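Per our numbering, the sequence shown runs over residues 22 to 822. Backbone N, C-alpha and C define an ideal beta-carbon position, used for all residues, glycine too. Computed from a prediction, not measured in an experiment: that's the story for all the values here. Report on one structure; see the data block that follows.
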Amino acid sequence: MRRKNRPVWMLLAALAASLAVFLPSTPAAAGTVWDYPEFPYAPTTYSEPYRGQFHFSSQSGWMNDPNGLVYANGEYHFFYQHNPHGLAWDTMHWGHATSPDLVHWTQKPIAMEPGVQPGTLFSGGGVVDTADSSGLKTGSLDPIVVYSNTDGVSVYYSNDNGRTFQAYDKGRKVVTVPSGVSSRDPKVTWDAARHRWVMVFWSDEGGNGVSIYTSTNLLDWTFASRYRADWLFECPDLFPLPLDGHTNQQRWVLTSASSQYVVGGFDGTTFTADGTGPQKMVNGDFYAAETFTNTPDGKTVQMGWQNGNQGSTWTGDATFPVDLGLVSTPDGPRITRTPVAGLSSLASQTQHWTSRNLTPNSNPFSGVKADIYDITAQFDVSHATAGSFGFDLHARSDGSADRTVVYDTAKQTLDGIPLEPRGGKVTMRLLVDRGQLEIYADGGLFSVADNVDFDSAADSQGIRLFSTGGNVKLVSADFTRLNTSWGTGESTLDSDLAGPWHAAGGVWSDVAGGKQGSAGGNGFYLSASSGADAVYQGDITLNTAQAAGLTFHAAADGTGYTATLDSTGVLKLWRPGRDIATHAMPIAKNRTYHVTVRTDGPRIRVYLDNGADPLIDATDSTYASGRFGANVFNGQATVQNLNTGDGGLHAFTAGSWTPHGGTWTVTPAGLRGSSSGDGFYLSDRSGTDFTYQGDLSVTNGTATGLTFRAGTDGAGYTATLDTSGVLKLWRPGRDIATHAIPVVEGRTYHVTVRTDGPRIRVYLDNGADPLIDATDSTYASGTFGVNAYNADVVAQNLTIS
Numbered sequence: 022m023r024r025k026n027r028p029v030w031m032l033l034a035a036l037a038a039s040l041a042v043f044l045p046s047t048p049a050a051a052g053t054v055w056d057y058p059e060f061p062y063a064p065t066t067y068s069e070p071y072r073g074q075f076h077f078s079s080q081s082g083w084m085n086d087p088n089g090l091v092y093a094n095g096e097y098h099f100f101y102q103h104n105p106h107g108l109a110w111d112t113m114h115w116g117h118a119t120s121p122d123l124v125h126w127t128q129k130p131i132a133m134e135p136g137v138q139p140g141t142l143f144s145g146g147g148v149v150d151t152a153d154s155s156g157l158k159t160g161s162l163d164p165i166v167v168y169s170n171t172d173g174v175s176v177y178y179s180n181d182n183g184r185t186f187q188a189y190d191k192g193r194k195v196v197t198v199p200s201g202v203s204s205r206d207p208k209v210t211w212d213a214a215r216h217r218w219v220m221v222f223w224s225d226e227g228g229n230g231v232s233i234y235t236s237t238n239l240l241d242w243t244f245a246s247r248y249r250a251d252w253l254f255e256c257p258d259l260f261p262l263p264l265d266g267h268t269n270q271q272r273w274v275l276t277s278a279s280s281q282y283v284v285g286g287f288d289g290t291t292f293t294a295d296g297t298g299p300q301k302m303v304n305g306d307f308y309a310a311e312t313f314t315n316t317p318d319g320k321t322v323q324m325g326w327q328n329g330n331q332g333s334t335w336t337g338d339a340t341f342p343v344d345l346g347l348v349s350t351p352d353g354p355r356i357t358r359t360p361v362a363g364l365s366s367l368a369s370q371t372q373h374w375t376s377r378n379l380t381p382n383s384n385p386f387s388g389v390k391a392d393i394y395d396i397t398a399q400f401d402v403s404h405a406t407a408g409s410f411g412f413d414l415h416a417r418s419d420g421s422a423d424r425t426v427v428y429d430t431a432k433q434t435l436d437g438i439p440l441e442p443r444g445g446k447v448t449m450r451l452l453v454d455r456g457q458l459e460i461y462a463d464g465g466l467f468s469v470a471d472n473v474d475f476d477s478a479a480d481s482q483g484i485r486l487f488s489t490g491g492n493v494k495l496v497s498a499d500f501t502r503l504n505t506s507w508g509t510g511e512s513t514l515d516s517d518l519a520g521p522w523h524a525a526g527g528v529w530s531d532v533a534g535g536k537q538g539s540a541g542g543n544g545f546y547l548s549a550s551s552g553a554d555a556v557y558q559g560d561i562t563l564n565t566a567q568a569a570g571l572t573f574h575a576a577a578d579g580t581g582y583t584a585t586l587d588s589t590g591v592l593k594l595w596r597p598g599r600d601i602a603t604h605a606m607p608i609a610k611n612r613t614y615h616v617t618v619r620t621d622g623p624r625i626r627v628y629l630d631n632g633a634d635p636l637i638d639a640t641d642s643t644y645a646s647g648r649f650g651a652n653v654f655n656g657q658a659t660v661q662n663l664n665t666g667d668g669g670l671h672a673f674t675a676g677s678w679t680p681h682g683g684t685w686t687v688t689p690a691g692l693r694g695s696s697s698g699d700g701f702y703l704s705d706r707s708g709t710d711f712t713y714q715g716d717l718s719v720t721n722g723t724a725t726g727l728t729f730r731a732g733t734d735g736a737g738y739t740a741t742l743d744t745s746g747v748l749k750l751w752r753p754g755r756d757i758a759t760h761a762i763p764v765v766e767g768r769t770y771h772v773t774v775r776t777d778g779p780r781i782r783v784y785l786d787n788g789a790d791p792l793i794d795a796t797d798s799t800y801a802s803g804t805f806g807v808n809a810y811n812a813d814v815v816a817q818n819l820t821i822s
């Protein structure tokens, strides 16, 4: 959505002004393709004052609307509107966080950023294309397909579980062309009854309202109808819910950004509301909520945005996720909101009270001190003499409190909002976080979201359960102290090893290139995974460190084996007290090396840079098994792609590979390269006449190719896939031949090169005939490698015959 069009803009402007003193010096900015995805976050322990401990907030920067909430490939994905470079709205990116359970969130690198993905990248929705109805799937993972932009909807998709996104047709195709002056905020859902997708987005055509489109393939959309209503402004959501839990009584719900909603029917093209006016789902600081799609249990889970929470490094947070229900009431069907059950995983202590007569002089919670917690309390008001009762939260001995939640028995209001007793009883649930308060009542029909700057000092953590002007019966109360939800996942370290990881010496931080360790002596970062005989591999970059390496067969303190790259000029296998074996070789700082360790009983072999032969082949039986991890010594180093198994670069036999320009790492999917200009990854194997082939893809950016007959600097021939729409054979200073053909970002192509003297033929995707058949005699022989140009690329299955 566009902030400048908001009626709440004056409030946000005031907020931005109040935070201006805290704005980072880095201006809001677009990204570049070659260093995407960006991770522009300073380290944090998430323990700052007012930082929610079980409410998601961005590691730093501004956040607003939830976007594209999906469950995909075993994880919940929370995307959101985001300015990672400042504390106010500016230069919208799509932020990204993941969770296994909707409670423990992990900040991930930026999902979409201007300068990489085209368009405004404002608010939108997403789905998981499990049936590949779009044809966008390129690998084993289900595509995540998201929608964004203003005054025309664009499609973006990810085939690597949200790590990177490509723009459909490079953003050239707008899949809808709405009427009206302004439109935005597309949201897509699955219409199971008619086996097709449904999109709603807001526009001002004839006034506020939503346009409804349908599609069978997520790419081609047909206008179906328009639903106009003055209250229906921005960030619509349309989804079905079973009435009273009966799947055969399904109704559809249409919501707006301000949490107003109507219930009605949807016949596949037209939404018809049951009543004439909207209901309010949530009171308080709550805006632009979205529901998740593709949830594994079929539940409809919702999260919204709160703009009132901020600290010195972040602005905004998300409400705690809730399960939505639809129940019959005398006034018609109404939405219920219930916090997801996973909150119980944070419970650390519980207390329970029953059947207490609450008087003005009593406080059953006396002595209870807590910072973050969950309270459920039921009161019998049928014979109450109290004028009011409720909770003072984060109360102090001087009688003050940071927030009071009051039920007025005469007015029958909770927190100032109407709430009639049910059967003479009032039940309330309070979720209290460091900067957030959520109140639920009446079986979820009542909902309040508020931002409160709770004082977490020890003398400000009291809880008072009070009554005023008389007595009321406390039927029951449950108090649950909660732990923090942060710190259980890895933001930037790609690994198949189980967590949680822990540091045993040194400081380990998340950076764009992986996990960065810094230590004065030895520092270890260790997974929860242990093993005996295994293949263990990873990428190591010495920054300022003297040494760093892969640790294995280790205890929790790091005691075990380490295969180390030492900048003094040695590859070394060591354990405490002994250097087992060494191999002399130059080790450069700020260059990434791929280290592989194979263990077979006491035999330990160490390989470097995808070489076929081990540089170390030694025997030691001190440690038979133990944890996998990484080590840094005397300085700073970065580790990435710490994986077990034979996954990695599958390529022809070579002694070693060497980068010349760009950054080259090895993932289980193959070789990954990133370069702002021409970057080469070159083997030490050379040839004259041959057939050279491999699988190549441009994740984002311009081009990748097979390089051959090259010198140590990459100067030679390259058969290139260019996303401008061309297959090209080139050498420095000359394009030898070109063939026009669509090259899609994210899609893998099989490229084959055949050389016979000066004749060079290039084939694509195992075609029988060459697409390029050219002659050039500049380079008669040379080395084999891979090229990346202004792009992130992946190469795999490289063979020579």
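Item                                                                                                                               : Value
Host beta strand (DSSP E) of Asp-471 (start-end)                                                                                   : 467-472
Reduced DSSP secondary structure (H/G/I, E/B, other) of Lys-593                                                                    : strand
Proximity to Ala-368 [Cα-Cα], best of Phe-287, Asn-504, Val-687, Arg-355                                                           : Asn-504
Beta strand (DSSP E) segment containing Thr-720, residue limits                                                                    : 711-731
Beta bridge counterpart(s) of Asp-600 as assigned by DSSP                                                                          : Trp-595
Neighbourhood of Asp-587 by C-beta, 7 Å cutoff - its chain only, sequence neighbours within 5 removed                              : Gln-567, Ala-568, Lys-593, Ile-608
Any non-hydrogen atom of the ligand NAP within 6 Å of Thr-171 CB                                                                   : You won't find the ligand NAP in this model; it holds no ligand whatsoever.
N-terminal and C-terminal residue of the beta strand (DSSP E) that Pro-263 is part of                                              : 258-264
Backbone CA spacing between Gln-270 and Leu-90 [nearest angstrom]                                                                  : 26 Å
CB of Gly-676 within 7 Å of CB of Arg-730, strictly                                                                                : no
Terminal residues of the beta strand (DSSP E) in which Ile-165 lies                                                                : 165-169
Burial state of Thr-686 (16 or more Cβ within 10 Å)                                                                                : buried
Which of helix, strand or coil DSSP assigns to Leu-364                                                                             : helix
Straight-line gap, Thr-799 to Asp-638 (C-alpha atoms, nearest Å)                                                                   : 41 Å
Range covered by the beta strand (DSSP E) that runs through Ile-393                                                                : Neither: Ile-393 is in no beta strand (DSSP E) and is coded neither H nor E.
Length of the line joining the Cα atoms of Val-469 and Glu-459                                                                     : 6 Å
Where Leu-44 sits in the DSSP three-state scheme                                                                                   : Residue placement at Leu-44 cannot be trusted, given a pLDDT of 38 that sits under 50; what the coordinates show is reported in the next sentence. It is coil, neither helix nor strand.
Option nearest Asp-181 by Cα separation, candidates Trp-751, Thr-688, Asn-818                                                      : Thr-688
Collapsed DSSP secondary structure at Ser-481 in the structure displayed                                                           : helix
The stretch 167-180 touching the stretch 194-208, judged by at least three CB pairs closer than 8 Å                                : yes
Cβ-Cβ distance between Gln-323 and Thr-316 below 7 Å                                                                               : no
Beta-carbon spacing of Leu-440, Phe-467 below 7 Å                                                                                  : yes
Counterpart residues of Asp-56 in DSSP-defined beta bridges                                                                        : Bridge partners of Asp-56: none, in fact.
Straight-line gap, Asp-338 to Lys-191 (C-alpha atoms, nearest Å)                                                                   : 32 Å
Same chain, Cβ closer than 8 Å to Asp-667, neighbours up to 5 away in sequence not counted                                         : Val-556
Pair within 7 Å by beta-carbon distance, Asn-652 and Gly-726                                                                       : no
Helix, strand or coil at Tyr-71 [DSSP, three-state]                                                                                : coil
For Tyr-62, the three-state DSSP class (helix, strand or coil)                                                                     : coil
Per-residue burial, Gly-411 [other beta carbons within 10 Å of its own, 16 or more giving buried]                                  : buried
Contact belief for Arg-782 with Asp-794 at Cβ below 8 Å, rounded distance in angstroms                                             : 5 Å
Boundaries of the beta strand (DSSP E) in which His-98 is found, first to last residue                                             : 96-104
Contact under 7 Å by Cβ, Ala-553 with Gly-570                                                                                      : no
Cα-Cα separation between Tyr-57 and His-106, rounded to whole angstroms                                                            : 15 Å
Contacts around Gly-691, its chain only, beta-carbon distance under 8 Å, and the 5 residues preceding and following it disregarded : Gly-669, Leu-670, His-671, Asp-716, Val-815, Ala-816, Gln-817, Asn-818
7 Å Cβ cutoff met for Asp-454 and Phe-186                                                                                          : no
Backbone secondary structure at Asp-172 - three-state DSSP                                                                         : coil
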